[in-house]
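Data block below; observations after.
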Amino acid sequence: MTTIDLTTDAPGSPAGAPAGASAEAAPAPATALPGGRRLAQLDALESEGIHIIREVVAEFERPVLLFSGGKDSVVMLHLAVKAFAPGPVPFPVLHVDTGHNFPEVLAYRDATAQRLGLRLEVASVQDYLDDGRLRERADGTRNPLQTQPLLDAISGHRFDAVFGGGRRDEEKARAKERVFSLRDEFGQWDPRNQRPELWNLYNGRHRPGEHVRVFPLSNWTELDVWRYIARERIELPELYYAHDREVFDRDGMLLAVGPYSEPRTDAEAASLRTERVRYRTVGDMSCTGAVRSDATGVEDVIAEVAATRITERGATRADDRLSEAAMEDRKKEGYF
Amino acid sequence: MGTQTSTVAEGATLPLDDARRGTLLRLATAGSVDDGKSTLVGRLLFDSKSVLADQLDAVERVSRDRGLETADLALLTDGLRAEREQGITIDVAYRYFATARRSFILADCPGHVQYTRNTVTGASTADVVVLLIDARKGLLEQTRRHLAVASLLRVPHVVVAVNKIDLVDYSEARYEELAADIRAAATSLGVGDVHTIPVSALVGDNVVDRASVNTPWYDGPSLLELLEELPTGDDPEAEAFRFPVQVVIRPQAAAEERYRDYRGYAGQVASGVVTVGDEVVVLPSGRRTTVVGIDTADSLASGEELTEAFAPQSVTIRLADDVDVARGDLIASAAEAPEVTQDVEGTVAWLSDRPLLPGARVLLKHTTRTVQAVVRDVVGRLDLDTAELEPAERLDLNDIGRVTLRLASPVAAEEYVVARRTGAFLLVDGQDGGTLAAGMVGDALAAARRPASRPGSYAI
Numbered sequence: 001m002t003t004i005d006l007t008t009d010a011p012g013s014p015a016g017a018p019a020g021a022s023a024e025a026a027p028a029p030a031t032a033l034p035g036g037r038r039l040a041q042l043d044a045l046e047s048e049g050i051h052i053i054r055e056v057v058a059e060f061e062r063p064v065l066l067f068s069g070g071k072d073s074v075v076m077l078h079l080a081v082k083a084f085a086p087g088p089v090p091f092p093v094l095h096v097d098t099g100h101n102f103p104e105v106l107a108y109r110d111a112t113a114q115r116l117g118l119r120l121e122v123a124s125v126q127d128y129l130d131d132g133r134l135r136e137r138a139d140g141t142r143n144p145l146q147t148q149p150l151l152d153a154i155s156g157h158r159f160d161a162v163f164g165g166g167r168r169d170e171e172k173a174r175a176k177e178r179v180f181s182l183r184d185e186f187g188q189w190d191p192r193n194q195r196p197e198l199w200n201l202y203n204g205r206h207r208p209g210e211h212v213r214v215f216p217l218s219n220w221t222e223l224d225v226w227r228y229i230a231r232e233r234i235e236l237p238e239l240y241y242a243h244d245r246e247v248f249d250r251d252g253m254l255l256a257v258g259p260y261s262e263p264r265t266d267a268e269a270a271s272l273r274t275e276r277v278r279y280r281t282v283g284d285m286s287c288t289g290a291v292r293s294d295a296t297g298v299e300d301v302i303a304e305v306a307a308t309r310i311t312e313r314g315a316t317r318a319d320d321r322l323s324e325a326a327m328e329d330r331k332k333e334g335y336f
Numbered sequence: 001m002g003t004q005t006s007t008v009a010e011g012a013t014l015p016l017d018d019a020r021r022g023t024l025l026r027l028a029t030a031g032s033v034d035d036g037k038s039t040l041v042g043r044l045l046f047d048s049k050s051v052l053a054d055q056l057d058a059v060e061r062v063s064r065d066r067g068l069e070t071a072d073l074a075l076l077t078d079g080l081r082a083e084r085e086q087g088i089t090i091d092v093a094y095r096y097f098a099t100a101r102r103s104f105i106l107a108d109c110p111g112h113v114q115y116t117r118n119t120v121t122g123a124s125t126a127d128v129v130v131l132l133i134d135a136r137k138g139l140l141e142q143t144r145r146h147l148a149v150a151s152l153l154r155v156p157h158v159v160v161a162v163n164k165i166d167l168v169d170y171s172e173a174r175y176e177e178l179a180a181d182i183r184a185a186a187t188s189l190g191v192g193d194v195h196t197i198p199v200s201a202l203v204g205d206n207v208v209d210r211a212s213v214n215t216p217w218y219d220g221p222s223l224l225e226l227l228e229e230l231p232t233g234d235d236p237e238a239e240a241f242r243f244p245v246q247v248v249i250r251p252q253a254a255a256e257e258r259y260r261d262y263r264g265y266a267g268q269v270a271s272g273v274v275t276v277g278d279e280v281v282v283l284p285s286g287r288r289t290t291v292v293g294i295d296t297a298d299s300l301a302s303g304e305e306l307t308e309a310f311a312p313q314s315v316t317i318r319l320a321d322d323v324d325v326a327r328g329d330l331i332a333s334a335a336e337a338p339e340v341t342q343d344v345e346g347t348v349a350w351l352s353d354r355p356l357l358p359g360a361r362v363l364l365k366h367t368t369r370t371v372q373a374v375v376r377d378v379v380g381r382l383d384l385d386t387a388e389l390e391p392a393e394r395l396d397l398n399d400i401g402r403v404t405l406r407l408a409s410p411v412a413a414e415e416y417v418v419a420r421r422t423g424a425f426l427l428v429d430g431q432d433g434g435t436l437a438a439g440m441v442g443d444a445l446a447a448a449r450r451p452a453s454r455p456g457s458y459a460i
């Protein structure tokens with residue numbers, strides 16, 4: 001926020017151009033534009049995100065922020081901290097735990113909530129499986145099972161606004177999402193009947209039982225998130241950086257061997273080996289794939305993300321591959 | 001990355017490498033059904049290397065399943081089940097791409113007349129509207145409607161892409177004829193800054209690369225080059241300072257002792273520049289005071305105090321006097337303070353299925369303030385062909401008209417033609433909370449009847 005340098009957002013520019021990308025440096029910076037006071041891109045995105053978060057706190061009774069320890073929710077929480085400084089973040093955080101999460105991410109989640117003095121609510125899919133309210137799916141994927149615990153937590157705590165770290169660049173159904181997304185008492189999204197969203201006048205009015213999903217990072221891309229993480233020196237779970245891990249092949253993805261994901265077929269077992277990998281998203285361990293990478297630091301990751309030819313979800317999310325409209329269908333049911 | 005079956009050449013020149021660092025330009029597309037809007041957007045994304053291999057794979061797979069010989073680039077943007085089934089765009093989709101010079105947020109808006117409200121949605125935040133016309137068909141009623149929406153919402157720049165130029169044999173005469181039609185329509189509707197470009201979204205002429213061999217007579221920039229050049233937003237230095245208060249920050253339970261008496265007003269600068277020491281007025285109360293501090297989380301953490309803030313920065317402002325300031329108040333430059341009023345005449349784009357009738361009770365949302373309002377009168381409905389008001393007793397879905405409103409308490413409403421942020425409002429249904437109308441204070445087409453010379457207007 002303090003920088004009004006027009007040529008760069010980041011104190012340290014990404015180290016070198018990525019392999020395979022254009023070697024020439026960015027020509028003609030925006031200083032050529034008339035007018036001296038223009039927000040550089042990351043500053044504009046940060047300012048917009050803070051504005052959105054403050055609007056929600058001002059207009060809703062009981063907001064909550066979905067926090068998984070994944071990079072998007074970490075950046076969103078960082079914006080929330082900035083929005084109310086020097087005061088504390090004025091709402092709790094909620095994690096829907098599938099029971100198949102990476103242990104290091106859960107540790108990061110707990111440490112972050114404690115460091116910031118936040119109340120952490122956990123909605124546990126495992127509890128629902130244990131008492132029979134939900135049943136394990138044949139494919140073992142637990143992501144779709146998150147919807148019911150999420151909706152129960154929202155209604156149980158009477159949360160009326162739920163911040164999510166979803167970005168429109170992630171997926172084609174998300175590209176259609178408003179910043180303020182009204183959900184009915186079943187948490188359903190109706191893409192054909194969304195409220196028009198005009199200027200920065202967000203309409204959060206809702207009837208009892210309804211709630212609003214709010215996406216402060218709507219206009220951010222994966223690369224924006226990483227450049228912001230670099231600029232703000234935000235710490236992430238180590239999974240996001242290259243490390244050696246035992247993996248096997250499934251459906252063209254690299255799955256980690258762990259307590260919740262093991263080879264199911266002979267072919268999968270035959271593919272077992274140790275690779276140098278990192279994660280682009282850190283969801284449920286049983287359906288989130290790793291990518292081969294030597295990016296050990298944030299600048300390496302930026303170079304890698306800038307050069308990749310595969311989208312974040314395409315590379316790492318098995319559940320999005322279920323059908324052409326898997327995300328849209330889940331969102332209609334109340335998922336994010 | 002598992003099985004990577006990329007159809008894009010490895011090592012393709014990526015404009016993303018060290019870039020995404022210039023300014024952010026927000027654009028909205030508009031056009032009629034079947035004029036190739038989704039194809040143009042797909043072409044922009046594809047030729048600027050913003051489509052990744054798995055997205056393209058998916059498009060190629062679906063295209064093949066439908067028996068198409070080449071990938072249908074429109075499938076890149078039509079994301080909903082119903083859109084893909086019907087082959088039309090229903091709702092606004094937001095797309096992101098970048099070149100070495102700047103980043104773009106693209107609101108891909110549906111062209112069908114029943115979704116005009118989505119065009120209004122996309123245009124309300126746009127720096128540029130990219131309007132497509134079919135070179136064979138010329139200007140349609142929808143073209144005029146979209147030009148009118150761009151003009152009403154004071155979108156700073158309009159770029160008209162004269163598409164399917166390949167289907168009129170790349171005729172310079174036809175292009176010049178259409179360009180003249182566009183200029184005439186734009187002038188009558190008061191569009192500030194209009195550019196025309198002959199393109200073929202299907203073939204790619206003048207979309208990303210300049211100087212298509214097919215149009216040797218055109219020596220202007222390609223669409224992408226033009227989008228890289230256009231200035232963003234309004235110039236803060238040319239505007240008066242306006243700051244709607246979002247939240248009062250008063251952390252009595254702050255972790256640090258020195259902040260226990262802290263009192264700041266958090267918000268996003270709506271327009272202009274504020275400097276520490278400036279005299280300001282708090283509206284609607286009218287109390288005058290002085291800015292003694294401007295904070296952000298970063299400035300508080302570093303101890304380096306800020307001396308100024310400008311639109312659209314999110315900051316927290318501290319004032320010299322302990323005046324009563326709450327959410328919904330507007331802190332404004334004392335030297336150029338707006339008037340406050342309970343009577344607003346405004347131009348509205350009616351977005352609801354139910355008609356607007358005089359006597360209706362609604363909520364008016366203006367900056368961070370929401371007040372009750374009664375519709376006193378429907379003054380008239382806009383005839384988009386003549387840009388004149390015709391008498392009307394009600395407004396129906398997609399009508400643009402003029403209304404007078406009486407408010408339960410005053411707001412600092414300014415003419416939209418001079419103040420885009422503090423001149424905008426929503427009308428909201430108090431019962432179900434639905435958004436009824438996009439409103440602009442004053443005669444939003446006033447500029448059309450004035451000699452055109454808008455500040456910030458810019459020509460290549």
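Line by line, the protein sequences are chains A and B.
Residues in the first sequence are numbered consecutively from 1, following full-length UniProt numbering.
Residues in the second sequence are numbered consecutively from 1, following full-length UniProt numbering.
Glycine included, every Cβ here is placed at the ideal spot set by N, Cα and C.
List the residues of chain B that residue i touches, going by C-beta distances under 8 Å, in chain order.
i, result
"A:Q188", "Near A:Q188 there are no residues of chain B at all, since even the closest Cβ is about 15 Å away, more than 8 Å."
"A:K82", "T296, A297 and D298"
Which residues of chain A have a Cβ atom closer than 7 Å to the Cβ of residue i, listed in chain order?
i, result
"B:F310", "R37"
"B:P236", "R37"
"B:A432", "It should be pointed out that residue 432 of chain B corresponds to Asp in this sequence rather than to Ala. Simply R207."
Apart from the five residues on each side of it in sequence, which residues of its chain come closer than 6 Å, Cβ to Cβ, to residue i?
i, result
"B:A179", "T196"
"A:Q126", "G99"
"A:R174", "G166 and R168"
"residue 355 of chain A", "Any answer about residue 355 of chain A is impossible in this case: the structure gives chain A only from 1 up to 336."
Tell me the DSSP secondary structure of residue i in three-state form.
i, result
"B:R144", "helix"
"A:T308", "coil"
"A:W220", "coil"
"A:E262", "coil"
"B:I331", "strand"
"A:E275", "strand"
"A:M76", "helix"
"B:Q268", "strand"
"A:Y240", "helix"
"B:T121", "helix"
"B:S302", "helix"
"B:Y175", "helix"
Interface residues of chain B around residue i at Cβ under 9 Å?
i, result
"A:D169", "Y94, R95 and Y96"
"A:A123", "Those do not exist, as A:A123 stays about 27 Å from chain B at its closest Cβ, beyond 9 Å."
Within the same chain, show all residues whose beta-carbon is closer than 7 Å to that of residue i, passing over the 5 residues directly before and after it, in chain order.
i, result
"B:N118", "D91, V92, C109 and P110"
"B:D443", "T347"
"A:F84", "P90"
"B:V191", "L147, A150, S151 and V158"
"A:I50", "L79, K82 and A83"
List the residues of chain A that residue i touches, going by C-beta distances under 9 Å, in chain order.
i, result
"B:Y262", "P86 and G87"
In chain B, which residues lie less than 7 Å from residue i when you measure between Cβ atoms?
i, result
"A:A175", "G79, A93, Y94 and R95"
"A:Q114", "Under the 7 Å cutoff, chain B gives no residues; its nearest Cβ is about 13 Å from A:Q114."
"A:S286", "Result: empty, since nearest Cβ-Cβ is about 16 Å, beyond 7 Å."
"A:V57", "V247"
Cutting at 8 Å between CB atoms, please list the residues of its own chain near residue i, excluding the five before and the five after it.
i, result
"A:N203", "F180, R195 and E197"
"B:G423", "A413, E414, E415, Y416, V417, M440, V441 and G442"
Going along chain A in order, which residues have a C-beta closer than 8 Å to the C-beta of residue i?
i, result
"B:A253", "G87 and P88"
"B:Y259", "P86 and G87"
Start-end ranges of the beta strand (DSSP E) lying completely within the stretch 229 to 259 of chain B, minimum 3 residues: As far as the stretch 229 to 259 of chain B is concerned, its whole beta strand (DSSP E) runs of at least 3 residues are 242 to 244 and 247 to 249.
Within the stretch 349 to 378 of chain B, note down every full beta strand (DSSP E) run reaching 3 residues or more, in order along the chain. Taking only runs of at least 3 residues, the beta strand (DSSP E) segments lying wholly in the stretch 349 to 378 of chain B are 361 to 366.
Taking contact to mean 3 or more Cβ pairs, one atom from each stretch, closer than 8 Å, check whether the stretch 297 to 304 of chain B and the stretch 237 to 250 of chain B are in contact. In short, these stretches do not touch, since the Cβ pair count stays below three.
Would you be able to state if there are at least three C-beta pairs under 8 Å between the stretch 271 to 283 of chain B and the stretch 59 to 77 of chain A? With a cut-off of 8 Å, the stretch 271 to 283 of chain B and the stretch 59 to 77 of chain A do not count as touching, because too few Cβ pairs lie within range.
Touch check for the stretch 213 to 222 of chain A and the stretch 238 to 253 of chain A: three-plus C-beta pairs under 8 Å? Because the criterion of three Cβ pairs below 8 Å is not met, the stretch 213 to 222 of chain A and the stretch 238 to 253 of chain A do not touch.
In chain order, each beta strand (DSSP E) run of at least 3 residues that lies wholly inside the stretch 116 to 153 of chain A: Runs of the beta strand (DSSP E) inside the stretch 116 to 153 of chain A: 120 to 124.
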